[in-house]
Amino acid sequence: MSQPLRIVFMGTPEFAVPSLEALVEAGHTPVAIVTSLDTPGSRRKPPTPPPVKRAAEWLGIERILQPESVKAPEFADEIAALHVDLIVVVAFKILPPAIFESARLGAFNLHGSLLPRYRGAAPIQRAVMAGDSETGLTTFALAARVDTGGILVQQRVPLSPDDTAGDLHDRLMTLGADLVVETVRLYEKGNVDPQPQDDALATPAPKLFREEGEVDWNQPAEQVRRHIHGFSPFPGAWTTWRSEALKLYRTALPDDAPVLGRAAPGTLAVQDDHLFVACADRWLELIDVQQAGRKRQDAADFVRGASLEAGERVG
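Written as structure tokens, this is what we have:
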């Protein structure tokens, strides 16, 4: 009977936790975990460990590495000293070749798109913003250029117009765990056959910034909806209302459009406790909003407390 693979798992956020748990459940407990530094605390609060560190401690994994820099020579030496067969990466930093080449079988990464589509830091959000009807997951062998390595396993996932980036994130987080285990088993059996990506089909998925989240109400309602859902819940789409930021998380395009007439883009209207805003072509319903300094709330609750004036606008 062959020896189990010596695996190092690298990841930080909640997205990586199901993959780590699935590996342990499948009998592939990593010899070490690599994650980010704890978030500094304050005088009243202790530092906050990243989700993967908390999961590793709960799973009984003793060796947890938190390097200040993955480019530091001493970190490369530490990984090399572990004599690992395979490095599994889920939502972690960009690794220098010195790290992933030290593993006997190399390393693979789980990515939240069907590569080569949406290479970059925000594949989930960009798929929602583009209005794609399908996205997916890819495991690929790490290479020197980010997100360009040979494809190992892919899974297609349908995408609904009602989905926010948060909805899709949670779905891919769960499905990705199974894909990670499947990929490890391919390495274990020696059946890995990385397929080259077609660079001509590549599309970028750069990180989202808060400034990009501002809503342009002069756009068609469908495009506005995609924008809001792509930024939901983080970093959050926003507009201005009464000189303050108003975050927007979820919207709807009802089949039966409300009889509200034509109005300038950004105009607010209320019908039966439902909140609508005029876009370039039609009205869009706002479902969840968040006023500055307050918690996220249902739009109906916002309407009841806002005392909206006739013809009031956002943006």
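As numbered in my numbering, residues 14 to 328 make up the sequence shown, in order.
Beta carbons are placed, not taken as given, at the ideal position from N, Cα and C, and that holds for glycine.
Keep in mind the model is a prediction, meaning the values are calculated, not measured.
Outcome for residue i when other beta-carbon atoms lying within 10 angstroms are tallied against a minimum of 16
i	result
K260	buried
I107	exposed
G125	buried
T252	buried
P31	buried
W331	Nothing about residue 331 can be read from this structure; the chain reaches only from 14 to 328.
G318	exposed
K66	buried
P209	exposed
L214	exposed
W71	exposed
G306	exposed
Rounded C-alpha distance that separates residue i from residue j
i	j	result
F22	T42	9 Å
G40	D211	34 Å
L181	D98	32 Å
P64	R295	42 Å
V228	L299	13 Å
S245	P26	17 Å
R117	F28	26 Å
A312	L18	52 Å
A250	G279	14 Å
H325	L281	For the sequence presented, residue 325 should be read as Glu rather than His. Cα to Cα, E325 sits roughly 6 Å from L281.
Residue from the options with nearest C-alpha to residue i
i	options	result
L123	A93, A312, V194	V194
G149	G163, L172, G133	L172
I74	I112, L118, I20	I20
D176	G40, F222, A140	A140
D145	A178, A157, D160, L155	A178
S256	V327, L127, P110	V327
A293	H287, D285, R238, P248	R238
V316	D286, T216, F113	D286
I164	P174, I137, A120	A120
P110	V159, T52, P136	V159
E114	A93, Y200, R132	A93
K308	A258, E34, S82, Q284	A258
Endpoints, the alpha helix (DSSP H) within which residue i is located
i	result
P171	Counting along the chain, P171 falls outside any alpha helix (DSSP H), though it belongs to the beta strand (DSSP E) covering 164-171.
F315	312-319
W230	Taken as a continuous stretch (DSSP letters only), W230 belongs to no alpha helix (DSSP H), as it is neither H nor E.
F369	The first residue shown for the chain is 14 and the last is 328, placing residue 369 beyond what the model contains.
A39	Segment: none, A39 is in no alpha helix (DSSP H) and carries neither H nor E.
V193	178-202
E87	86-93
A111	110-113
V141	136-142
N-terminal and C-terminal residue of the beta strand (DSSP E) that residue i is part of
i	result
A258	257-265
L288	287-291
D301	296-304
Q284	281-284
H124	120-124
A250	250-254
I100	99-103
E70	No beta strand (DSSP E) contains E70, which is instead part of the alpha helix (DSSP H) from 64-71.
A276	Unbroken run through A276: none, as it is neither H nor E.
A154	147-154
Any non-hydrogen atom of the ligand GDP within 6 Å of residue i CB
i	result
A265	With respect to small molecules bound, the structure shown includes none, and the ligand GDP cannot be examined in it.
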